[in-house]
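First comes the structure, then the notes that go with it.
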Ligand SMILES: Nc1ncnc2c1ncn2[C@@H]1O[C@H](COP(=O)(O)OP(=O)(O)OP(=O)(O)O)[C@@H](O)[C@H]1O
Ligand SMILES: Nc1ncnc2c1ncn2[C@@H]1O[C@H](COP(=O)(O)OP(=O)(O)OP(=O)(O)O)[C@@H](O)[C@H]1O
Ligand SMILES: NC(=O)CC[C@H](N)C(=O)O
Ligand SMILES: [Mg+2]
Ligand SMILES: [Mg+2]
């Protein structure tokens, strides 16, 4: 064998290394990317500044503390037309969150039911669910929202249809619920003296349920006995509260809606825009959730349930102890991104005049104050924060349930 | 795998009693139009170790799955431990808790630790306190030689270890009969040995066993009867020696020539 | 597998030239804090056939992956065919097109046919016209004895066939050096033979080869040098006869006793 | 501003004009999809002044809530979109209102069978209201001051408001009285609805442009004034060409470019006003054609009569 | 050993034949029993669903099929229905008939130019087909390549030079890359190609085009403003452009996100997370109302183009995530094998990684496409006259005041057909690819 060949001399740094040397190359690329990014950012910012200067405007968030001067029909917190724009934005944000939250719940219920039924051995019902899923998810949600709204406001009776000797419409459920083309009026609780106790007892019984379940679990582990948890829970939930309610002489009354003047008065009004948005979003998202649930359950192999059966576990226990815990891992991440989508889609409130964040901060406030840049940025930021909040929840969950493998 | 069987097996405990453990008479089963099991008659006494062989699709799995009602039969009778299998849920529960089953693909529950896999059914079906169930589980895990894996998850174990956990899991229900459906065919050769060793130990303790397998070494040394199935029928049954050395039916001869030849 | 080697091997062409093909000097590599390769010195002449052995985790793969810069080394020098491996992309490209590599898991491109697998790199790296590239490819596919599979997809081939395609794919780049990383360890015994045969043929033609393998039969008959690695270091190297019959180091003895014993 | 709007418009060859998406009589697409109406005529007048072609307009339908943003960001060159001239819109929102083409006030419309005859009886009513309008703010004030409560039903656009109102989703529809009339006129059964007598605000409606480009503001302002002045002087689309040959009224001569260089001062052709008048017509003509008493909208001149007729419409002199 | 009484040995003398299953095991009876009436719960479900289906059909079928197809107003429609059925509880499909043009082309599209959209649509199908089905002759891909420019010309009108000039930019870029590719690495080549194209598009091209327009106004079509586009046409334009553009951008973003260059990665992650975190509608508002703030004073930027850009960016962020999943699913060995063969980063991506990653991600990609296509309805809110706007205008018109179901059902149906076809296609493709190489 010969001796080593002459090694190339180290020539120090050459310019071509910026392109051909892997060490410098990555730096080169990053520097170019950074420069490009900064250039674009600077370009946009500079343009914005000149444009604003030309208009004689400047970025200023002071308008948030000026009176808003307009009314919002659905308010979860105190608000009137003399409140500030900031408060109006808060009212809007709460409305967004409200409809998103209720939507997530209903969508989950609808989706889980439809997803499970789609797997049903019952041919008819599974086909029916397939039709539901395919119809809803292949048609844009805006159309669902607008169509639902159109139907609610055109097919339902007007309040005045309830009036007169022979009204053409009547209330439901022993005259406690009125469904009109403006909204649905339902009874609202009236908190009389002593109602605090009822609420307190109710909260206590929630606590008791938690305690009972812990006890039941311990007892099960210790003795192997399984208590009829469901019925006992139900009893704990209602019996003490009802008992106190009647003992105290029914302190919580109901404020029933009644036709007075132009509209129904009393009770709580669920406005049609909200109903339309809520229903449409829920059923639309529900169709996606149904698919997620279905594929989640299908992802658990048949072997798992057979193994459980072979061990003597009943179908319901197999579902609870073996299938669901595994399916949930598959289901929850896409489920949460559906929640995210639903929350973002709630901005389509625009289509029906539901006064959400977009309608207040990004709508009337923006228009009245002329602070479009500020309002838009703020609005995007709020949505972004909400989204990141939801998705970080998902990440935490994902980490906690990751299957241990080698 | 032939290694696995090469040790001297103690057949002294492997007594077969008179008591009938499983009785199948004139059992027929169809999948739709397809007649899978045809007129099966089989009596298994307590303590018997039966190996079921046969070509693919001959209905071996279907038959043993009928025994713990993972499949429903349509004609005839299956009586397990004195209880007839009907669609009566109580009977099914009873039988399932007396018959253990091991699958080809183990089917461990991946979201539970090994120990939890083993205690799940005793706690929820037999209503045994957790403490006690864990003790039993550890006992059987020791028996299959993996007590140290108790707190791992199935995904962290090798195939052979998983199959042994599956056996331990069945044993925790203290079954009187064990069914094995090709328990080693998803495994690498070394792992097969581990599992067969465990099964041989079980056999030595006198467990009634039905085992679908093509490990002829195992059949030869452990089984007291080999059943050959084809086209949904029991074509031949005999003691292992006779079966391998002196098959009667043409089908059996053909089959044996194939599997022993290669 | 010993079968594979039992034929008479024609060593006449397997001449070793004076020219240096690979020179590694004082090479060190770390994974984070972990010192995987420690002070490696190795000179490979053109035409040498080197087998690298050693326990798992000893850094065999890492070392040969450094030679075509799938891994980066941090100290020392690697000179392949007169070109030093630095982070200069041009050098890397040059070396990679002269060094062929076969992986344990073949890593064929499943979306391309066998032929496309073989012509891809010549066409895109060497910029050879398609026609010509296909001719070369067919030539090498014939050499590895699977020209008839040319239009199939990798998924349709057996493991042994896939590994031979992988070899052919490397050869199509007309490399001057071939690296093999346990090319047979993912294969069934019968398939191992096919692959080893192909490698022997290559050796006979005078290809410079570095091969990580535990096929000691192969090492004995084809290699002109065996290198034993442990804990990231070259512990011993020698001619095969000497290496197997008369190992010097304790580690080597221990290792040989294990792999030859079982 | 470094690039003047007028230059940009000339360069582009069309005027981008923000209009109402659909208020019959004021701005709405006709059967062939072309925008027509009283407000649209202002856009056409400006285009005629600049290009000599009243069709060189690209109409951008804008809802009330986005109109100022669109104007400020340069999306449109001007708005002619029944927009009320208010202090804050002028000063704080940095707009320049160049004049008033319709003096209006906010009214209420209700179905006749509701039996309401005064706005004071509306306590508890559900009111359809376009978001981002002065009327939304006036409504809030009016009900608060009068200690009445109401349920606002916010809607995005005039058409949507109309749909909701007709469907009975609200009892009352409130907006500028002119728009109420336009809306009512488009109903299948206009007699079923009444406009209440109260007018609760002043709504001087006019075209506007961005702050900061006075020259451009002048172009729009004087295009409107040309129409108004022409009516006052009796110049119509029919006689404008004839009069442009020269008259003994120097004001008309200056207006029609026979005398003086008014057009050039604006940076336009001297025949700018002539083009407006021949192609669009004078204020009165536009009024009568689009919203006057012989149209479905059927508005009387009222406040919008020439000052000489006792109205408020008054153009500064062309001198 | 087993000296017991059981006669162990047993040999079957003759084989049994297949026997027909006992009754109740086969046929309709069994099917019904198993699929509809197994157990009381299932039976209840069946009965409930039969009732639901029955009442749905009973409500919908007569309504839909008893409808009127020709009338000029709701009034007339109702009169006809009254004559026919004695009541008006029937559909009035006439609205679709009468307002067809408005729904399909939008209110402002000049009717004399409808033929252009027809040609564009037919060509679109011809351009898409070879992409969808690789059994078709590969030559047809030329139509696909030329189509974008043809479509722009057909829809927006003007002379042919504008689109030709844009296309020329691509050709120049390609030539530059071929030229540079001989001597330089492909990363750099790409940069040069992009630079050449940009220089052409922004500096040289426009003047050449306007010159040619004056000198040689070839194939001049009546110009149509973006504002005049509407109805189904605008939906298809935005949807198809978005779909075609979001895939490449999504790929680039996914690669950026997977890259180990920290800055590139951070920028990509930031972009993706921002886009995915805000509702599309806010982005559209930004595009339509605020964009001019960010551009140099006086810039004109076509609205449709802006919307396409926003919709594209929006779905490319989702696309990036889908493709990232596909990339992650590829074994590391594929990257290594490509490296070992001497393929550089871009070639490895193009020839080895992307073909496989994209294949894995097909369902996700098509779902993103479907989402994008559905999202085109949102342009309604920024004043583009799409089908929803048409529906609103029709409903506000006194002739059709009061119509709801018919319009939304029709629009919904159009979307349903498109989206359902897409999802079916993706399932078909998935199945085909799965069996292809095995
Ligand atoms: N659910 C089913 N529906 C219809 N036919 C089935 C079903 N399960 C099994 N079969 C058919 O029944 C026959 C017997 O199947 P079985 O699984 O019992 O065979 P096997 O003897 O276990 O074969 P292998 O050795 O391959 O496991 C086969 O022909 C199979 O195709
Ligand atoms: N990417 C990595 N990061 C950190 N450590 C690594 C990495 N790759 C390999 N190692 C470690 O480096 C050591 C050498 O690995 P290498 O793969 O070279 O061993 P080997 O000799 O090829 O073993 P085997 O026979 O199992 O393939 C091992 O201890 C391994 O754990
Ligand atoms: N209805 C409208 O769009 C305009 C309302 C009112 N004139 C305003 O400018 O705010
Ligand atoms: Mg089987
Ligand atoms: Mg290795």
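Residue numbers (this note's numbering), protein chains in the order written: chain A, 73 to 478; chain B, 3 to 264; chain C, 3 to 264; chain D, 5 to 323; chain E, 571 to 1008.
Glycine is no exception: its CB is placed at the ideal position from the N, C-alpha and C atoms.
Proximity to residue 787(E) across 646(E), 608(E), 728(E) and 1004(E) peaks at 728(E), based on C-alpha coordinates.
Contact between the region 224-237 of chain A and the region 197-209 of chain A is absent: fewer than 3 CB-CB pairs across the two stretches fall below 8 Å.
Within a 10 Å sphere around the beta-carbon of residue 65(B) sit 16 or more other beta-carbons, which makes this residue buried. Remark: the C-beta of residue 64(B) is in contact range of ligand 1, defined as less than 7 Å to any heavy atom. Residue 237(A) has its CB no nearer than 7 Å to any heavy atom of ligand 3. Nearest to residue 933(E) by C-alpha distance, out of 606(E), 645(E) and 893(E), is 893(E). The beta-carbon separation of residue 144(D) and residue 141(A), rounded to 6 Å, stays under the 8 Å limit for a contact. In the displayed model, residue 96(B) falls within a helix according to three-state DSSP. Going by beta carbons, residue 100(B) and residue 179(B) fall inside the 8 Å limit. Using a Cβ-Cβ cut-off of 8 Å, residue 55(D) does not count as an interface residue toward chain E, since no Cβ of chain E sits closer than that to its own. When Cβ-Cβ separations below 8 Å define contact, residue 212(A) makes contact with chain E. For residue 232(B), the enclosing beta strand (DSSP E) has its first and last residue at 227-232.
Under a criterion of Cβ atoms nearer than 8 Å, the residues of chain D adjacent to residue 677(E) are, in order, 33 and 37. Using a CB distance cut-off of 8 Å, residue 389(A) counts as an interface residue toward chain B. Not one beta carbon of chain A lies nearer than 8 Å to the beta carbon of residue 185(D). Considered as a whole, the region 52-82 of chain B harbours 77-82 as its complete beta strand (DSSP E) runs of no fewer than 3 residues, in chain order. Residue environment for residue 256(D): buried (at least 16 other C-beta atoms within 10 angstroms of its C-beta). DSSP, reduced to helix, strand and coil, places residue 128(B) outside both helices and strands of the structure shown, so it counts as coil.
With respect to chain C, the C-beta atom of residue 100(A) has no partner C-beta closer than 8 Å. It is roughly 11 Å from the alpha-carbon of residue 34(C) to the alpha-carbon of residue 76(C). Proximity of residue 784(E) to chain C, defined by a Cβ-Cβ separation below 8 Å, is not satisfied.
Counting every other CB atom within 10 Å of its CB across the protein chains shown gives residue 744(E) a total below 16, marking it as exposed. Any Cβ of chain E closer than 8 Å to the Cβ of residue 164(A) would place that residue at the interface, and such an atom is absent. Distance from the Cα of residue 91(D) is smallest, within the candidate group 126(D), 206(D), 263(D) and 31(D), for 206(D). Residue pairing from DSSP places residue 263(A) in a beta bridge opposite 324(A).
The alpha-carbon of residue 27(D) is positioned some 12 Å away from that of residue 179(D). Counting every other CB atom within 10 Å of its CB across the protein chains shown gives residue 692(E) a total below 16, marking it as exposed. A straight-line Cα-Cα distance of about 5 Å links residue 188(D) and residue 194(D). Annotated as proximal: residue 420(A) and residue 213(A), with beta-carbon spacing under 8 Å. Fewer than three beta-carbon pairs drawn from the region 443-450 of chain A and the region 365-383 of chain A are found closer than 8 Å, and the two stretches are therefore not classed as touching. In the DSSP annotation of this structure, the continuous segment of the alpha helix (DSSP H) that includes residue 173(C) starts and ends at 161-174.
Under the Cβ criterion of 8 Å, residue 77(D) is counted among the residues facing chain E. Here residue 200(B) is buried: its Cβ has 16 or more other Cβ atoms, across all protein chains shown, within 10 Å. The alpha-carbon of residue 164(C) is positioned some 7 Å away from that of residue 108(C).
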